[in-house]
Amino acid sequence: MVCRNSISNEFRQRWVKLKEKMITRGLDLLFIYSNDRAVFGPGNIRYLSNFPVHFEHAAIIMPRFGEPILAVGPETREYAELSSEVKDIRVIKEFAIPDEEYPYTSMTSLSAILEEIRSNSGNEVRSIGLIGLDLLPWSLYQVLENTLLSNRRVENAEDILIDMRSIKSQYEIEIIEEGYAIADKAMEACVEAVHVGTTELAIAAAGEAVMRKLGAEGYAIDTIVASGKQRTYPIVVRPSDRKIEKGDVVLITMGPRYKGYNPAIGRPVIVGDAPEVIIEAMQLALKAQHAAEAALRPGAIGCDVEGMARKVLAEAGLEQYFVYAGVHSVGLAEFEPPILSPKSNLQVKENMVLSIDIPLFLTPWGGFRYEDGFVVTSDGCRRLNHFPREIIKV
Numbered sequence: 004m005v006c007r008n009s010i011s012n013e014f015r016q017r018w019v020k021l022k023e024k025m026i027t028r029g030l031d032l033l034f035i036y037s038n039d040r041a042v043f044g045p046g047n048i049r050y051l052s053n054f055p056v057h058f059e060h061a062a063i064i065m066p067r068f069g070e071p072i073l074a075v076g077p078e079t080r081e082y083a084e085l086s087s088e089v090k091d092i093r094v095i096k097e098f099a100i101p102d103e104e105y106p107y108t109s110m111t112s113l114s115a116i117l118e119e120i121r122s123n124s125g126n127e128v129r130s131i132g133l134i135g136l137d138l139l140p141w142s143l144y145q146v147l148e149n150t151l152l153s154n155r156r157v158e159n160a161e162d163i164l165i166d167m168r169s170i171k172s173q174y175e176i177e178i179i180e181e182g183y184a185i186a187d188k189a190m191e192a193c194v195e196a197v198h199v200g201t202t203e204l205a206i207a208a209a210g211e212a213v214m215r216k217l218g219a220e221g222y223a224i225d226t227i228v229a230s231g232k233q234r235t236y237p238i239v240v241r242p243s244d245r246k247i248e249k250g251d252v253v254l255i256t257m258g259p260r261y262k263g264y265n266p267a268i269g270r271p272v273i274v275g276d277a278p279e280v281i282i283e284a285m286q287l288a289l290k291a292q293h294a295a296e297a298a299l300r301p302g303a304i305g306c307d308v309e310g311m312a313r314k315v316l317a318e319a320g321l322e323q324y325f326v327y328a329g330v331h332s333v334g335l336a337e338f339e340p341p342i343l344s345p346k347s348n349l350q351v352k353e354n355m356v357l358s359i360d361i362p363l364f365l366t367p368w369g370g371f372r373y374e375d376g377f378v379v380t381s382d383g384c385r386r387l388n389h390f391p392r393e394i395i396k397v
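Under the numbering used here, the first residue of the sequence shown carries the number 4, and numbering increases by one thereafter.
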């Protein structure tokens with residue numbers, strides 16, 4: 004159990020690093036936006052405040068001088084107060100629902116907050132970095148243009164938090180490893196639930212129940228359970244009421260959202276027997292994952308790490324089914340930058356947490372993935388989950 008002071012210190016250290024990067028970039032203020040979009044939306048605010056954004060817009064206003072401010076809508080202030088490490092929480096008019104009325108809620112505005120920052124520091128806010136631009140709705144961006152951004156130098160500062168979030172602290176690594184332990188147990192429950200006549204939804208429910216019981220606050224992604232040639236063919240699919248049949252391959256991907264972090268693991272399960280072509284593909288996918296694992300170490304170049312896995316499948320004539328980048332960062336989103344693609348010139352660094360996710364999809368016989376999590380150590384990497392890496396038959 005991490006003590007309260009350790010958690011607070013973790014977040015304060017993040018603020019210090021963020022301000023150092025602001026100074027390097029010549030930014031007077033950062034406006035960091037989040038929402039509750041399931042996969043990517045909450046990440047930035049969760050990273051800087053521990054507030055799990057829900058229902059309304061949220062932003063952290065980080066001045067170069069002074070403490071951060073968490074701006075929320077009128078219906079989530081009390082929720083933010085329960086969890087946020089940023090203690091200065093303001094309800095702002097810009098985040099209120101236009102057709103709603105809040106007669107008993109005291110609200111401020113971005114303009115008023117900017118004036119307060121100027122008055123407290125004695126410095127004008129001349130330059131602003133925006134983080135979360137991809138999440139901002141156009142209507143809200145127009146409001147910001149007329150208030151926060153008007154007559155100021157503005158730049159996209161997304162790379163600042165991408166860089167910070169890519170290297171995990173020991174606090175983060177411990178949480179992610181705990182999350183992977185939950186994913187392992189959930190996968191065990193799913194595999195145990197696979198038998199002829201069971202529905203995909205029932206298998207998913209078995210794993211999701213375990214994740215909730217073990218402390219998951221939600222799911223990294225919507226649980227994937229798919230069976231049979233047609234339903235395992237797509238890259239992304241959701242559980243249905245289809246019943247498992249003898250000879251099916253059942254694709255399972257489980258990921259808990261644990262204390263904000265989103266580890267996920269993936270396995271195919273054979274029900275009865277499968278054609279030799281599928282068995283050979285599974286063996287090659289496992290070989291590809293091991294090849295990428297062996298290459299994953301500090302100083303390695305992203306395309307080279309991912310390329311080791313791709314090479315194994317290319318030599319077997321299966322590269323066209325390796326349909327997305329096979330290595331990506333794990334953190335406050337299940338699939339977040341940096342992504343080690345065939346074009347990646349990223350240099351791998353110690354304490355990155357990466358998923359090696361070997362996909363074989365859109366094939367004549369369907370598809371599957373083998374996915375596991377790894378932390379980069381001083382001399383290589385260490386797998387964070389322990390579910391067996393083998394061909395599973397039930």
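In this text, a Cβ means the ideal position worked out from N, Cα and C, and glycines have one as well.
Give the straight-line distance between the Cα atoms of residue i and residue j, rounded to the nearest whole angstrom.
i	j	result
Ala-291	Arg-313	7 Å
Asp-251	Ile-273	6 Å
Glu-191	Phe-371	17 Å
Gly-310	Ala-160	30 Å
Glu-374	Leu-73	36 Å
Tyr-105	Leu-147	22 Å
Ser-243	Ile-227	10 Å
Arg-270	Ser-37	32 Å
Trp-18	His-331	25 Å
Asp-360	Gly-329	5 Å
Ala-295	Val-308	5 Å
Asp-276	Ile-394	11 Å
Pro-278	Asp-382	40 Å
Gln-350	Leu-357	13 Å
Thr-256	Asn-47	25 Å
Leu-287	Lys-396	17 Å
Thr-202	Val-240	14 Å
Leu-363	Val-326	7 Å
Lys-232	Thr-366	9 Å
Gly-376	Leu-387	5 Å
Glu-127	Leu-343	40 Å
Pro-301	Ser-142	43 Å
Lys-352	Gln-145	39 Å
Lys-24	Ala-209	45 Å
From the DSSP output, read off the bridge partner residues of residue i.
i	result
Arg-93	Ala-74
Glu-158	Gly-132
Cys-193	DSSP, once it has assigned bridges, lists no residue as partnering Cys-193.
Lys-171	DSSP output for Lys-171 lists no bridge partner at all.
Gly-257	Per the sequence shown, the amino acid found at residue 257 is Met instead of Gly. Answer is Ile-268.
Ile-395	Val-272
Glu-374	Gly-269, Asp-360
Arg-385	Val-378
Met-65	Leu-33
His-331	Ile-342, Ser-358
Ile-227	Thr-256
Thr-111	Ile-95
Tyr-1	Residue 1 falls outside the range modelled here, since the chain spans only 4 to 397, and no answer is possible.
Gln-350	Ile-304
Gly-250	In the DSSP output, where bridge partners are listed per residue, Gly-250 has none listed.
Gly-369	Thr-366
Ordered along the chain, which non-local residues of its own chain (more than five positions away) have a Cβ less than 6 Å from that of residue i?
i	result
Asn-8	none
Val-89	Ser-52, Pro-71, Leu-73
Glu-220	Arg-260
Lys-96	Met-110, Ser-112
His-389	Asp-187
Met-262	Correcting the residue type first, residue 262 is Lys in the shown sequence and not Met. Same-chain partners within the cutoff: Ile-178.
Gly-200	Lys-246
Phe-68	Ser-124
Val-253	Val-197, Ser-230, Val-272
Could you pull the start and end residues of the beta strand (DSSP E) that residue i belongs to?
i	result
Asp-460	This structure leaves residue 460 out entirely; the chain is present only between 4 and 397.
Val-308	Run containing Val-308: none in the beta strand (DSSP E); it sits in the alpha helix (DSSP H), 305-318.
Leu-33	32-37
Output needed for residue i: all residues of its chain with C-beta closer than 8 Å, excluding positions within five of it in sequence on either side, in chain order.
i	result
Tyr-264	Glu-175, Ile-178, Ile-179, Gly-182, Val-333, Gly-334, Leu-335
Arg-156	Arg-129, Ser-130, Ile-131
Considering just the uninterrupted stretch of the alpha helix (DSSP H) at residue i, what are its terminal residues?
i	result
Ala-212	203-216
Tyr-144	141-149
Tyr-50	46-52
His-293	279-298
Arg-80	80-86
Excluding sequence positions up to five away, which residues of its chain have a Cβ less than 7 Å from the Cβ of residue i?
i	result
Val-75	Glu-59, Ala-61, Ala-83, Ile-92, Val-94, Phe-98
Gly-258	Ala-186, Tyr-222, Ala-223, Ile-224, Asn-265, Pro-266, Ala-267, Glu-337
Arg-40	Leu-138
Glu-78	Phe-58, Glu-59
Leu-152	Ile-131
Glu-289	Reading the sequence as shown, one finds Leu at residue 289 and not Glu. So the qualifying residues of the chain are Tyr-373, Arg-392.
I'd like to know whether the C-beta of residue i is nearer than 8 Å to at least one C-beta of chain C.
i	result
Val-315	The structure shown has no chain C; it contains just one protein chain.
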